[in-house]
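Notes follow the structure.
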Amino acid sequence: MAYKYLVIVESPAKAKTIEKYLGKNYKVVASLGHIRDLPKSRMAIDTENNYEPEYISIRGKGPLIKELKKFAKKADKVYLAADPDREGEAIAWHLCHLLGLDIEDKNRVVFNEITKDAVKGAFKEPRSINMDLVDSQQARRVLDRLVGYTISPILWKKIKKGLSAGRVQSVALKLICDREEEINQFEPEEYWTIDGNFKKGTKKFKAAFYGVNGKKTKLSDSKDAQKIIKQMDGDEFEITKVVKKERKRNPSLPFTTSSMQQDAARKINFKTRKTMMIAQQLYEGISLGRGGAVGLITYMRTDSTRISDTAKNEVHEFIQKTYGDEYTNSKARVGKKAESSQDAHEAIRPSSVMRTPEEIQKYLSKDQYKLYNLIWSRFVASQMKPAIFDTMTVDLERNDVLFRANGQKMKFPGYQKVYIESTDSGKAEKDNVLPPLEEGEIATTVDIEPKQHFTQPPARFSEATLIKTLEENGVGRPSTYAPTLDTIQRRYYVKLAAKRFEPTELGTIVNGMIAEFFPQIVDVHFTAEMEKNLDQVEIGEEEWKNVIDQFYKPFKKTVEVAEEQMEKIQIKDEPAGFDCEVCGHPMVIKMGRYGKFYACSNFPECRNTKAIVKDIGVTCPTCNKGNVIERKSKKNRIFYGCDRYPDCEFISWNKPVGRNCPKCEHHLEEKKVAKGKQVICSNCDYKEELQK
1 MAYKYLVIVE SPAKAKTIEK YLGKNYKVVA SLGHIRDLPK SRMAIDTENN
51 YEPEYISIRG KGPLIKELKK FAKKADKVYL AADPDREGEA IAWHLCHLLG
101 LDIEDKNRVV FNEITKDAVK GAFKEPRSIN MDLVDSQQAR RVLDRLVGYT
151 ISPILWKKIK KGLSAGRVQS VALKLICDRE EEINQFEPEE YWTIDGNFKK
201 GTKKFKAAFY GVNGKKTKLS DSKDAQKIIK QMDGDEFEIT KVVKKERKRN
251 PSLPFTTSSM QQDAARKINF KTRKTMMIAQ QLYEGISLGR GGAVGLITYM
301 RTDSTRISDT AKNEVHEFIQ KTYGDEYTNS KARVGKKAES SQDAHEAIRP
351 SSVMRTPEEI QKYLSKDQYK LYNLIWSRFV ASQMKPAIFD TMTVDLERND
401 VLFRANGQKM KFPGYQKVYI ESTDSGKAEK DNVLPPLEEG EIATTVDIEP
451 KQHFTQPPAR FSEATLIKTL EENGVGRPST YAPTLDTIQR RYYVKLAAKR
501 FEPTELGTIV NGMIAEFFPQ IVDVHFTAEM EKNLDQVEIG EEEWKNVIDQ
551 FYKPFKKTVE VAEEQMEKIQ IKDEPAGFDC EVCGHPMVIK MGRYGKFYAC
601 SNFPECRNTK AIVKDIGVTC PTCNKGNVIE RKSKKNRIFY GCDRYPDCEF
651 ISWNKPVGRN CPKCEHHLEE KKVAKGKQVI CSNCDYKEEL QK
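Position one of the sequence shown corresponds to residue 1 (full-length UniProt numbering), numbered consecutively onward.
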């Protein structure tokens, strides 16, 4: 088919969606991401010649480049429509070089959403390539290459082959290691609380000990608690103060990349990498039956919470029609712009709020629906009225001992009709309705319960809390979080246990070495300052090679010191305590890429290896011959199986306890539940009392 214009995008899905909107005069093809990059085999940065990068065509893309050149020759004009960010701008710039296009020519087309109006509007206003964006991307690429390709070989020499260091990943690893150190050094402190169940008439309510003589009082031990109970000396308390207020809770702003990643982790249990992959699909276009493919959300790499006037008007109209005037917020909140935010794009939102999740669910995969529903709900809620709560605080006193009850009741749901925020703890706020209480009235105690507690160490980072911490400290940018978290797990520097990051032995060693010899690389404030400098390149305030030079000259000196002074660490093999069943030599415990494993000490003559498994001390309930061992799935989830596998195929996600059910004689299992552990039957409805 003849065409006048060639349009080059990154992905085939995006090409398909855009070609539908542009018509027969346009041919839309995909570059499949970058086509030119730095070679993997060497540094390729000329530090003696003003940090000039040496780009090459990516291996395997020769036929694609040849095809793109052929298409470009036949076209009257070539448009470059890569994603609307730094990386997209760099891809367009590389395409210009390979296809011999004029950098000054107005051939760059950008759109924040892949809808008919947005795409057609963008083609009416093409621009030339923004070299400030290109230089900002180049600066990040060169900086990461200088750090990674300089420190990594030192780690190979001094620790073991295959290790890597990176500008953002090293900071993330240090945060995880520092938190682990805090946990290990933590010394719990005892404290006590006193909870009271009260009643006034027939109505019961709860209150907690607050203090003595109106002042908040800490109870350090059992003696303190008993002293307060003794001082009360009776069960009648006077209600001395009742405070009633109305409290408003505003909705959260629409998603940025970071807040979407955090909420997807908390609410729908998506890993960061998965969130970005599904978001890319929604952005590039999903086929909606006869209507064909359409981009369902705006661009998913953004740190802005801004939304266009068109989107604002559409969502206000939708809220009005669906929920009524009382839910429509004509004075929608405007978020405070983050210091590091470039505000280049809108927030992440549906391309049309009229496409409700329910209406298009049949066209989406299960995961696509979950994420689209999350984005749509958050956006709609952000433009709705606040939720309103009636709150009530009641003070009860006897002999100068003060108990306090806090209650709240939702008066108007507002935005919570559509969306309820998640928290790092995952606990949703609940109504706690107190009975009608007035000052001067008497309430009596039903029971008083003193409880012993111990302070808890800080929690390990989840994906959501680590991203939140990196963002708050100005480390990295929206596009870097997913690959950073992926890299530190692939290198086996950290592992996810119960959805929380734990540093491995290898990660602790690497972090210690980098922190000692390259303190600037893992310094949060230094890394954040570097990000600001790179952002200055993006807005044309700094020259990218100057930023690199200011970093590299002092960095080079630290490298020289590290090469000279860093001692070689020998990760010694530990004796396993048994011999190889193949050749009879002793087996040892080795450190591998995915953790420790058993290997024959006669390597390479004997290559026998075995996984290290944990015997839980229970005989297999299926064959009664083997032992039940703890295993891990590909997704690092613990399960239990017989050590005689494949002869015995017993498998269970719950831990067998070595006893049989008194009702049906099938084996009992220990199951984790929200409030602790519970022993249940693997076959019938038998349950034992919950163990907290």
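Built from N, CA and C at the ideal position, the CB exists for glycine as well. Remember, it's a predicted structure, so these values are computed and weren't measured experimentally.
Point to revise | Inter-residue spacing [alpha-carbon to alpha-carbon] between A44 and L133 | key: 21 Å
Check your understanding: Can you round the beta-carbon distance between C606 and C642 to whole angstroms, since I take them to be within the 8 Å contact cut?
Key -> Going by Cβ atoms, the distance from C606 to C642 rounds to 27 Å, so no, they are not a contact pair.
Review point. Going by other Cβ atoms of all chains shown within 10 Å of its Cβ, with 16 needed for buried, is L690 buried or exposed?
Key: exposed
Check your understanding: Is there contact here, the segment 11-28 with the segment 95-104, by at least three beta-carbon pairs under 8 Å?
Key -> no
Review point. What separation, rounded to the nearest whole angstrom, lies between the Cα atoms of K672 and S652?
Key: 13 Å
Point to revise | Closest residue to Y415 among L253, R86 and K572 (Cα-Cα distance) | key: L253
Review point. Looking only at its own chain, which residues have a Cβ that is under 8 Å from the Cβ of E158, when we skip the five neighbours before and after it?
Key: Note on residue identity: the sequence assigns Lys, not Glu, to residue 158. Excluding residues within five positions, the ones whose Cβ falls inside 8 Å are M513, M566, E567, K568 and I569.
Exercise for review: Give every residue of the same chain whose Cβ lies closer than 7 Å to the Cβ of V142, excluding the five residues on either side of it in the sequence, and list them in chain order.
Suggested key: I45, Y51, P53 and I548
Review point. Going by C-alpha distance, which of P126, D221 and L6 is nearest A72?
Key: L6
Check your understanding: In whole angstroms, what is the alpha-carbon distance linking A165 and I319?
Key -> 49 Å
Review point. Should I35 and I56 be called a contact, given that it needs their Cβ atoms to be closer than 7 Å?
Key: no
Check your understanding: Do R404 and A207 have their C-beta atoms closer together than 7 Å?
Key -> yes
Check your understanding: How should P604 be labelled, buried or exposed, when 16 other C-beta atoms within 10 angstroms of its C-beta is the threshold for buried?
Key -> exposed
Review point. Less than 7 Å separating the beta-carbons of R355 and A482?
Key: no
Check your understanding: Roughly how far, in whole angstroms, is the beta-carbon of I521 from the beta-carbon of R167, given that I think they are within contact range, below 8 Å?
Key -> 7 Å
Review point. Just checking, does the segment 385-392 make contact with the segment 242-257 on the three C-beta pairs under 8 Å criterion?
Key: yes
Practice item. Any chance you could list the alpha helix (DSSP H) runs of at least 4 consecutive residues sitting entirely within the segment 598-627, in chain order? Key: none
Review point. In whole angstroms, what is the alpha-carbon distance linking S220 and V212?
Key: 14 Å
**Study point:** Proximity winner among V315, Q262, R290 and T257, relative to I360 (alpha-carbon distances)
**Key:** R290
Review point. DSSP puts T328 in a beta bridge; with which residues?
Key: M384
Review point. Run through DSSP, which three-state label would F518 get?
Key: coil
Exercise for review: Under the assumption that K120 contacts Y21 (Cβ atoms under 8 Å), give the Cβ distance between them as a whole number of angstroms.
Suggested key: 6 Å
Exercise for review: Give the range of the beta strand (DSSP E) segment to which L668 is assigned.
Suggested key: H667 to V673
Review point. Should Y363 and L288 be called a contact, given that it needs their Cβ atoms to be closer than 7 Å?
Key: yes
Exercise for review: Verify whether the separation of the beta carbon atoms of Y686 and K655 is less than 7 Å.
Suggested key: no
Point to revise | Bridge partner(s) assigned by DSSP for F639 | key: R631
Exercise for review: Count the other CB atoms, across all protein chains shown, that sit within 10 Å of the CB of W544; report buried if there are 16 or more and exposed otherwise.
Suggested key: buried
Check your understanding: So what's I183 in DSSP terms, helix, strand or just coil?
Key -> helix
Review point. Would the beta-carbon of F270 be found less than 6 Å away from any heavy atom of the ligand NAP?
Key: Among the ligands in the structure shown, none appear at all, so the ligand NAP cannot be discussed.
Review point. Can the beta-carbon of I154 be found less than 7 Å from the beta-carbon of A562?
Key: yes
Check your understanding: What are the uninterrupted segments assigned as alpha helix (DSSP H) that are 4 or more residues long and contained completely in the segment 403-490, given in chain order?
Key -> 463-472 and 481-490
Review point. When DSSP labels each residue in this structure, what does P43 get in the three-state scheme?
Key: The sequence given here has Met at residue 43, not Pro. Three-state result, M43: coil.
Practice item. Using the DSSP secondary-structure output, state which residues sit across from S652 in a beta bridge. Key: Y640
Check your understanding: What residue does the beta strand (DSSP E) around Q678 start on, and which one ends it?
Key -> G676 to C681
Check your understanding: What's the gap between the Cα of residue 696 and the Cα of H316?
Key -> An answer regarding residue 696 cannot be provided, because it is not within the stretch 1 to 692 covered by the chain.
Check your understanding: Rounded to a whole number of angstroms, what is the C-alpha to C-alpha distance between P435 and A498?
Key -> 40 Å
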